[in-house]
Each structure stands twice: as C-alpha cells, then as structure tokens.
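The next block holds one structure in the form of structure tokens; read it before the comments.
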DNA sequence: TATGAATGAGAGTTCATTCAT
DNA sequence: CATGAATGAACTCTCATTCAT
C-alpha cells in the first residue's frame, strides 16, 4: 500500500495551523509534527524541507480556495450574482480559516525575503494571486458585456477590486464583524466599485480621463 | 542629552536598509551594525533588542512618511488636488525607497506572529495605518463638503482607497512602470474611486444600497 | 537452513560496493538495501547492525582476498615465484576492485575510533593484516631456506614488505599506471626488498647491525 | 586587540586531541569546545565549519611535523645521519602525540570519502605526503651523491621508504615498544632499505633489473 | 520472511545578546 | 560610550533501527 493520503493531509493541516498562526519563521518543525500527532522525522518522509512544506501548504490552501471559488462562481449567472458570491465566498473561507487562512491572504509583495530557499514561495504567491485576479477579471468582463461595467481598464480595475475584497476580509477579522454586518459591508464594497464614491450627477471631469 | 542624535539615526537608516531588503528574520544585527559602521554592541546602547529596533525603524520610516504626506497635502487646496498629491507622493516615496519602503507598505494584518516580543509591531502598524487612513479620510471629507463625493461611508471608502493606493504602488514596483505610466495609472485610480467601474447611466440598483 | 545464501551475499556485495566507495560513515543503510534490491528492514534479518554488516563485509572481502592469495601462491614453487605471484595477485585484486577494495586495503591503525560498536572492526582488521602478513612471512621463510634471503628478522621484514606491496597497489591506483608499468614497478619493488637501495660493494656498515 | 592567537591554538589543540582519538565522524563540535574549555559557538568564531576545523588541524599538525623534521634534518650532515634523524624524529613525534598524531599519519588514499565538503582534506593530505616524501627523496639523493645509494629510482624508493617509516611508527605504538627497542628496529629498517633482505653474495638476478 | 513507514536522538550551525575591557 | 569576543539556546535535518503488517 502506498503512503496514505491521509497522513500527508494531516501534516498539511497541522502545518497550515502552525504556519498560519505563527508565520514561517516562528513556526518550527517539532511543533508541526506534534500538532499532527507524529514524530519529527516523519514529516520529512512526506516533505523535503520546511520551505517545501510551507509551499505545499500554501498550494494546498490556495487550491482549496480557488476550486471553491470557481465552483461557487460557476453556479451563478450574471455579473452581479457572480461578484456577490465571490465576495461572500471569500468571507466564508476567511471566517472559517482565520487561523490558517492568513497564510493565503498574504500579499505576495509584502514578503521580502532574499533567502534562496524561500524565493519559490514568493513566485508561487504572485502566480496564485494572478490566477485569482483572473477569475475576478472574467467576472468584470461579463459585466462589460452585460453593459453594467463601463469602458475601463479591466485588468487594472480587477486588480484593485481583488485588493479591496482582501481588505474587506481583513476588516471582518480585525473588527470582529458579524455576518450581517459583513453583508452590509459587501454591498458598500460593490457600490463603491461600481458607482464610485463620487456624487451622482457631478461627473464632469470623468470624461477627460478616458 | 549626551547621546548624539546622529548615531541613533545612522543605526535607524542602516536598519531600514537591511530590514527593508531582507525582512525581519533574515536580517541580522551584525549586518545592521556593519552597515551603520559601528560595533555590534553599540546598537544595544541605543536600542533594547532586535524587535525594538525593528519597531523604532518602522516608526522612523512611518513618521517620515506621514510628515512628508501631511506637508504635501497641506500645500494643496481642494479634494482633487489633495488626493492627487497623496497618490503622487506615495509613489515618490515608494520609488525612492523600494528597498526600505516595503517595510512601511506592510499590510499589518499580513504579519501574523504570536511571539510576545513582536506583538507590538503589529499594533504599531495597525495604528500607523489608521493614522494614514485618517489623512485620507480627511481628504475624502473635504470632497464631501465640496460636493464632489457623495453620501457614502467615509471611513469605509477611505480604508478601501488607502488599500488601492498601496496596491497602486506595488504595481509600480512589480511591473517596473515609468513615472509617465504611473501618472496614467493614477488617473485611472482616481477615476475608479470617484466614478466607479460602472457604465455611466446604468445606476438603477445603486440607490437601494444607501 | 532456510535463509538463502544468495540473499546474504547479495547484501554483502552491495555493502562492499557502497562502503567501498563512500566509506563507513557516508554510506547509509537505505542505499545498501536499494543496491541489493531489497527492503531496508530485510538487511536487519541478516545482519544485526550497520557496524556488524561492515565487519561482515570486511570479512567477506578479506576471505576472498586471502583465499585467492593462498590458492595462487600454492600454485607456485620457490621464493621468487611465490613473491612474484603475491604482488601480481594483489594488483589484480586492487585493479578489479578499485571501488570496494579500498576497504580491504585500509591500514587498520588508520581507523581510530573509540566507538564501542566499531571497535571490533579494528581488531578484525589488525587480525586480518596479521594473517596476510603471515602468508608473506612464510614466503620469506622459504627464501631463507633457499638461501636467497639472508639472516634477517623475518617478522619485521615481512611486515615492511606487506606495507610496501600495499603502497605499490595505491601507487598504481593513484597514478593510473598500466599493467606494463606495474610489471616494472613490481620488479623494482622486489629488487628494493631483496637487494636494498644501497650501492653494491659498499656494504661495510651492514655487518654491525646483525 | 586582534583575536588572540592562543585561543585559536587552544581550539586546534583540542581538535587535534578529539579528532585524533575519535576520527572525523565520531568527533563532535560540542566535545571539542568542551575540551578547549569554551562555548560551542566560540569555535565558529575561529573556524567556519567542522570540515574546515579538521583541515586546519591537519595543517597545523602537518606544519609542525614538517618544520620539526626539516630543522632536525638540516642539523645533520650526510645520508646516514640525516636518515637516522628522520626516523628518530618521526618516532619522537608519534610517541609524543599518540593521541593526535594518528591524524597526521593517515594514509591519504585510505580515506575514501565522496562528500564534497571533505574532498579538500584528501587533496591536502596527498599534497602533504608528497612534501614529506620529497624531504626523504632529498636525503636519498644525498646518499646517491655520496655513493652509498646505488643507481635506483629515487622517487619510487623514497615513497616506499616513507611508507616503511610510517609503518615503523605504527609498530611502535601498536606493540608498545620502548625507545631502546625502537632504536634497534630503526637499525633494522635502515639495513633493510640499504642492504635489502637478500643473502649477501647471492645477487645474481639483481643486475637484470637495472 | 519481507517490508518500509515511523521514529527520535543527536548532529552542525546560527545569531541575539551580554559584558569585560 | 564603544566594542566585539564569547555564549548557548534553539533551529533544521539525517539516518540507524524498530515493528506492525
């Protein structure tokens, strides 16, 4: 029998918890092993090194995130519904993974490490962000086709929107907001993105930008 | 006070450079001392510990950032000009401090450490972000008074706007954009914030949110 | 006996190869098992420990060496022929076992370990060297009887001769000498041993030593 | 004040003792530090790594050996005296450094490691042996000029002679011989080298080799 | 009998911090 | 005030050995 899938996932779950709550450098392999209920050496049977375990953990969580997201989005029709479910789903994942999710929510460029062994992490995170940004980009594009979204730079707007959504999640965690409050914040977010903060009717200087 | 101000600042400058390029954990005290051109032990005459030096460095950079920002903003009149100079100034600082600025650009909640000695860092960063957010909040408020900004949740919108501006800076660094390109991105950013991404004229479902 | 002889020898052959090329400490059990084409645990069915496997490997190789040597020597008559075949055989074995032979060529006193578990290795190697030295000693004795070898301390001379022969083998490996060159070096070696390096005719101070 | 020379030498002395009695792999840095009466970390202030400490220890001992040898040899005139003092000196060093000398006496080709980090050790040892061999070679050459040594391959004979002398030292240690006994063994050694083991007068087959 | 997943002692190494000078 | 040699706790990772299957 090949190495059990469960044990690998046990380790990943433990790693997600420890890395998530302590960060890469403060987490140590002994604690991860203990959390997983196994011996220190066993971790190395499944993962080459701490760095590699970290990357695998990120991949595991990121995959979960993206797959969940894609599934939920595909279950909806239209710009408004898709965007709505995106934000809602993001909050659900964040809320349920406060401990471990923070890893995933890392803003790649915030990690500035020159350590060779950890470089791959940054590249992976940048890639992963791009992939999520594309999901969002597709949604915005649908909005354009529907005529709800104007003639804007979709890539730019989607990138900003993603950041706003991530921030929205953080606000929820930091301020300990209830689901109801998050529901209202979500509407504000969508409103801000779609309509902007400007006073309706006073949009004279907008045209010149286009 | 006997202790020279200059030496303390020499150390802070060196720390900003080293921490900025390598991050907290990969930076080491020996290198910072060397960069500052002093003995390793001397650093401890001015700062209690690595963590405390890190915090002081953040404060130093953040102060510089905030003071510069306040000065520049105060030199301008009106929402549009103030916001414009905010974004422009942010980019200038980021561009000139690519190495060290990243510290300052850290999104506080991205650092998830439970280490007692480092806890203060997070609190400080959260505080600092709040202070910067308030600067922005004041600008948005001016916009409201001017009638350019509508009847929105200013705190929420400012928080999102700050995130967008930080992201705007990162995009500049990551994509290696020229000042001219950043000028254009800045206009897009302001447009997105003020007018939103929505198609002008199609704003039926906006009202219900208010 | 249920345990197959072949498997034990498979392991010994694999161990000889791995230990021979990497030395005791750099060799590891996993690689030996793999080389032998069996499971890691199986090695422990045939040998108690790494140390014991090492000793058994040495014994295996040393036995092979000694048996080959005895056979070849017995096939020859007279001091000159026997010594000649000894040196020739040594070179043949070394040349064919460059990788693994080095174990066998280890100069016992060069291994200075105090590790209890490895002590036996040294004793074994010292014993084995003695046995080989005795083979040589017998040959030298024959030389004495034949009147070719003078009235010398046979034990001492044989011990030195063995060292010279081992060195001769190393020279061959280190310098990458051809068989023809080794043939000539062999003659030099015998000449040096039998006639010495001294100028013929100038041997006044020799007598006093006896 | 620069780093004291004494401490570096304290560490080298401790390392020589520990490496000498336990070998490279069984020796550990903690014990070497303890032997030197310092903290574990301090060793790394003076030496980069275990391997590098090992090499430096070898160099230190080898230098001492060679310098002592050169000095003593230069103090003597003529082949017989120089060779005599060489052997005598070797024994003195070996006897006084039983513990640490064994490192120095290592026959380079007996160490068969493929570990990158340790490769330099072998090269160094081979080099060092060459240098010692040359000292001996010069002595033999003097013998040739004096007419005591015949028309032989000096390089070959010197190499063999060096091995015999090393073996002579080992015999002393292994058999626990007294200085008086070693004196007698030394004479046997010189006799064997100069006059060979052959019966005086029976040297017919010698000529053909030359 | 054969296996290889699991183990944990122990290795080398780093580096923030101290303190005698 | 300034220094940097000294320190040792704590880290990651290896690998001989065990044992349930």
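Residue numbers (my numbering), protein chains in the order written: chain L, 1 to 210; chain Y, 1001 to 1210; chain U, 2001 to 2210; chain Z, 3001 to 3210. Built from N, CA and C at the ideal position, the CB exists for glycine as well.
{"Asked": "Which residues does DSSP list as the beta-bridge partners of residue 1149 of chain Y?", "Found": "L:198"}
{"Asked": "Would you mind sorting residue 1057 of chain Y into buried or exposed? The rule is 16 or more other CB atoms within 10 Å of its CB.", "Found": "buried"}
{"Asked": "Need the endpoints of the alpha helix (DSSP H) that residue 48 of chain L sits in, please.", "Found": "Where residue 48 of chain L is concerned, there is no enclosing alpha helix (DSSP H), given that its DSSP letter is neither H nor E."}
{"Asked": "Tell me, please, whether the CB atom of residue 2064 of chain U is closer than 8 Å to any CB atom in chain Z?", "Found": "no"}
{"Asked": "Should residue 3110 of chain Z be labelled buried (16 or more other beta-carbon atoms within 10 Å of its own) or exposed?", "Found": "At residue 3110 of chain Z, the pLDDT of 41 sits below 50, so the modelled position is not reliable; the number obtained from the coordinates is stated separately. Under this definition residue 3110 of chain Z is a buried residue."}
{"Asked": "Taking just the CA atoms, how far does residue 1166 of chain Y sit from residue 1033 of chain Y?", "Found": "31 Å"}
{"Asked": "To the nearest angstrom, how far is the alpha carbon of residue 1155 of chain Y from that of residue 1025 of chain Y?", "Found": "34 Å"}
{"Asked": "Examine chain Z for any beta-carbon lying closer than 8 Å to the beta-carbon of residue 2128 of chain U, and answer yes or no.", "Found": "no"}
{"Asked": "Using a C-beta to C-beta distance shorter than 8 Å, which residues of chain U count as neighbours of residue 3185 of chain Z?", "Found": "2156"}
{"Asked": "Kindly confirm or deny that the segment 3132 to 3152 of chain Z and the segment 2166 to 2185 of chain U touch, where touching means at least three C-beta pairs closer than 8 Å.", "Found": "no"}
{"Asked": "Pull up the distance between the alpha-carbon of residue 131 of chain L and that of residue 67 of chain L, whole angstroms please.", "Found": "11 Å"}
{"Asked": "Given a limit of 9 Å on CB to CB distance, which residues of the segment 25 to 54 of chain L reach chain Y?", "Found": "25 and 26"}
{"Asked": "Given residue 1117 of chain Y, which residues of its chain have a CB within under 8 Å of its CB, disregarding the five upstream and five downstream residues?", "Found": "Model confidence at residue 1117 of chain Y stands at a pLDDT of 48, short of 50, so the residue's coordinates are unreliable; what they give is reported in the following sentence. Here the set comprises 1049 and 1051."}
{"Asked": "Check the Cβ of residue 2182 of chain U against every Cβ in chain Z and list those closer than 7 Å, keeping chain order.", "Found": "The contacting residues do not exist; residue 2182 of chain U stays about 12 Å from chain Z at best."}
{"Asked": "Using a Cβ-Cβ distance under 8 Å, would residue 192 of chain L count as near chain Y?", "Found": "yes"}
{"Asked": "If you measure from the beta carbon of residue 167 of chain L to each beta carbon in chain Y, is any gap under 8 Å?", "Found": "yes"}
{"Asked": "Which residues bound the alpha helix (DSSP H) around residue 165 of chain L?", "Found": "154 to 175"}
{"Asked": "For residue 3128 of chain Z, count neighbouring C-beta atoms within 10 Å of its own C-beta (all shown protein chains included) and say buried if the count is 16 or more, exposed if not.", "Found": "buried"}
{"Asked": "Can you tell me whether residue 59 of chain L is buried or exposed? The criterion is at least 16 other CB atoms within 10 Å of its CB, across all chains shown.", "Found": "exposed"}
{"Asked": "Taking residue 1069 of chain Y as the query, report the chain L residues whose CB atoms sit under 7 Å from its CB, ordered along the chain.", "Found": "None at all; the shortest Cβ gap to chain L is about 20 Å."}
{"Asked": "How is residue 2181 of chain U classed by DSSP in three states: helix, strand or coil?", "Found": "helix"}
{"Asked": "Compare the C-alpha of residue 1042 of chain Y against each of Y:1087, Y:1009, Y:1126 and Y:1138 and name the closest.", "Found": "Y:1009"}
{"Asked": "Locate the alpha helix (DSSP H) running through residue 2028 of chain U, then write down its first and last residues.", "Found": "Neither: residue 2028 of chain U is in no alpha helix (DSSP H) and is coded neither H nor E."}
{"Asked": "For residue 2182 of chain U, which option in U:2135, U:2091 and U:2134 has the closest C-alpha, if you only look at C-alpha atoms?", "Found": "U:2091"}
{"Asked": "In whole angstroms, what is the alpha-carbon distance linking residue 1140 of chain Y and residue 1192 of chain Y?", "Found": "14 Å"}
{"Asked": "Kindly indicate the opening and closing residues of the alpha helix (DSSP H) around residue 2085 of chain U.", "Found": "2079 to 2096"}
{"Asked": "Say whether chain Z places a C-beta atom closer than 8 Å to the C-beta of residue 2179 of chain U.", "Found": "no"}
{"Asked": "So the candidates are Z:3020, Z:3044, Z:3184 and Z:3198; which of them puts its Cα closest to the Cα of residue 3097 of chain Z?", "Found": "Z:3020"}
{"Asked": "With a threshold of 16 other CB atoms inside 10 Å of the CB of residue 1030 of chain Y, please say whether the residue is buried or exposed.", "Found": "exposed"}
{"Asked": "CB-CB under 7 Å to residue 1137 of chain Y, same chain, minus the five flanking residues each way: which ones, in chain order?", "Found": "1154, 1155 and 1158"}
{"Asked": "Does the Cβ-Cβ distance between residue 94 of chain L and residue 169 of chain L come in under 8 Å?", "Found": "yes"}
{"Asked": "Quick check: the Cα distance between residue 1198 of chain Y and residue 190 of chain L, rounded to an integer number of angstroms?", "Found": "10 Å"}
{"Asked": "Looking at the C-beta of residue 2123 of chain U, does it have a partner C-beta in chain Z at a distance below 8 Å?", "Found": "no"}
{"Asked": "Among Z:3045, Z:3200, Z:3186 and Z:3035, which residue has its Cα nearest to the Cα of residue 3081 of chain Z?", "Found": "Z:3186"}
{"Asked": "Run through chain Y and tell me which residues come within less than 9 Å of residue 188 of chain L, C-beta to C-beta.", "Found": "1152, 1153, 1156, 1157, 1160 and 1209"}
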